[in-house]
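Colleague: Take this structure, written in structure tokens, and hold onto it; I'll ask about it next.
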Ligand SMILES: [Fe+2]
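Residue numbers (UniProt numbering): 1 to 354.
See the structure below:
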């Protein structure tokens with residue numbers, strides 16, 4: 001196993017070569033997990049992981065999870081995810097038509113394996129009814145993070161190439177170096193800043209035909225999340241998902257926009273950005289979804305990738321608190337506890353009582 005730093009991603013990002021999943025030990029995988037938490041973006045090149053075994057390995061980092069199931073279970077007072085799915089698929093149940101559409105779409109994108117559920121296909125390949133079998137079925141994807149406008153967003157993403165990956169890229173922008181580079185006084189301002197979020201169609205991909213967009217990215221307009229947070233690996237940076245960021249609490253729209261323009265000028269620079277243009281189908285990309293943005297460029301025709309959104313609980317000794325501002329730290333504790341209990345995620349490290 002060889003770890004090399006990714007050239008062109010500032011202080012973060014590593015490639016790992018020579019990983020053989022058939023002979024990998026749990027200890028070696030944990031080591032990779034810890035390297036990943038410190039590097040934000042970890043690209044395991046040309047490996048022999050298959051989608052059949054992906055879930056098992058990722059579960060050893062932390063459980064997969066989806067905010068949309070939590071939200072719908074709360075909305076309808078349903079305590080089992082299995083029941084929610086059954087009601088979503090039933091024509092006669094009391095679930096709203098729009099929510100049924102979201103559940104059905106999400107289920108259609110699932111890759112089932114003998115290890116269980118939790119893998120979503122990312123693909124535009126159509127089924128025999130002409131419907132897309134994966135998320136993000138076409139075009140380039142602009143800078144975004146997943147579950148961007150939710151306080152309890154999922155912190156990690158594992159994307160495994162399936163086929164026709166060459167000719168496209170997955171790109172990353174890490175915000176940690178930028179955060180460290182600004183003046184101390186501006187950094188204190190950023191620390192206090194709270195961003196407001198709003199769903200705007202076309203902000204991820206202007207041509208995308210995907211009803212899950214709002215539900216996944218910004219179910220509630222006006223949601224507030226602090227600008228500066230801490231990644232699961234303890235790195236401070238910006239939670240600044242361009243797909244949903246709308247304004248700054250206490251600022252007019254014009255003031256917010258001019259601040260964003262100033263930040264963008266210094267943040268979206270080559271030094272912090274790395275676009276990984278695939279050279280093989282079998283790359284496994286592990287990426288931070290807290291203070292790192294991602295995007296997709298290039299040609300995606302015939303492309304198929306497998307995505308798991310997950311926690312890092314198995315690598316953490318204690319509860320991970322992303323927020324520094326008390327108001328949000330308290331709310332996060334409450335929200336994530338309810339989230340984890342509702343979905344029955346056993347491995348999650350919840351905050352200690354008191
Ligand atoms: Fe994404």
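Every residue, glycine too, gets a C-beta built ideally from N, C-alpha and C. All figures in this text were calculated on a predicted structure; none of them were measured in a lab.
Can you list, in chain order, the residues of its chain with a C-beta nearer than 8 Å to that of residue 142? Leave out the 5 residues immediately preceding and following it.
Modeller: Take residue 142, set aside five residues on each side of it, and the residues of its chain with a beta-carbon closer than 8 Å to its own are 203, 204, 205, 242, 243, 295, in chain order.
Colleague: Within the continuous alpha helix (DSSP H) that includes residue 330, where are the two ends?
Modeller: 326-343
Colleague: Quick check on this structure: which residue in 193, 75, 299 has the alpha carbon closest to the alpha carbon of residue 259?
Modeller: 193
Colleague: From the DSSP output, which residues share a beta bridge with residue 4?
Modeller: 15
Colleague: Quick one: what does DSSP say residue 112 is sitting in, helix, strand or coil?
Modeller: coil
Colleague: Can you pull the DSSP bridge partners for residue 270?
Modeller: For residue 270, which the question treats as bridged, DSSP gives no partner whatsoever.
Colleague: Considering only the beta carbon of each residue, do residue 61 and residue 306 sit closer than 7 Å?
Modeller: no
Colleague: Would you say the beta carbon of residue 137 is closer than 6 Å to some non-hydrogen atom of ligand 1?
Modeller: no
Colleague: Take the Cβ of residue 256 as the centre, count every other Cβ of all protein chains shown within 10 Å, and call the residue buried at 16 or more, exposed below.
Modeller: Taking a 10 Å sphere around the C-beta of residue 256, we find 16 or more other C-beta atoms and assign the residue as buried.
Colleague: My output table needs one value for residue 143: the three-state DSSP class, helix, strand or coil.
Modeller: Three-state DSSP puts residue 143 in a strand.
Colleague: Restricting to Cα atoms, I'd like to know which of 352, 341, 346, 351 is closest to residue 70.
Modeller: 341
Colleague: Nearest to residue 231 by alpha carbon, out of 316, 219, 129, 103?
Modeller: 316
Colleague: Please identify the residue among 93, 174, 221, 81 whose C-alpha is closest to the C-alpha of residue 107.
Modeller: Comparing C-alpha distances from residue 107 to each of 93, 174, 221, 81 shows the shortest one belongs to 81.
Colleague: Do residue 49 and residue 284 have their beta-carbon atoms positioned less than 7 Å apart in this structure?
Modeller: yes
Colleague: With burial defined as no fewer than 16 other Cβ atoms inside 10 Å of the residue's Cβ, what is the status of residue 86: buried or exposed?
Modeller: Its Cβ having fewer than 16 others within 10 Å, residue 86 is exposed.
Colleague: So if I measure from each beta-carbon to every heavy atom of ligand 1 and keep distances below 6 Å, which residues remain?
Modeller: 144, 146, 294
Colleague: Using the C-alpha atoms, what's the distance from residue 91 back to residue 176?
Modeller: The alpha-carbon atoms of residue 176 and residue 91 are separated by roughly 47 Å.
Colleague: Quick test of your reading: residue 309 and residue 102, contact by CB under 8 Å. State the CB separation rounded to the nearest angstrom.
Modeller: With 8 Å as the limit, residue 309 and residue 102 do not qualify as a contact, their Cβ atoms being about 16 Å apart.
Colleague: Out of 114, 297, 105, 46, which one is the CA nearest neighbour of residue 127?
Modeller: 105
Colleague: Can you grab the Cα-Cα spacing for the pair residue 173 / residue 78, in whole Å?
Modeller: Going by C-alpha positions, residue 173 is about 38 Å away from residue 78.
Colleague: At what residues does the alpha helix (DSSP H) containing residue 291 begin and finish?
Modeller: That residue, residue 291, is in no alpha helix (DSSP H); it is neither H nor E in DSSP.
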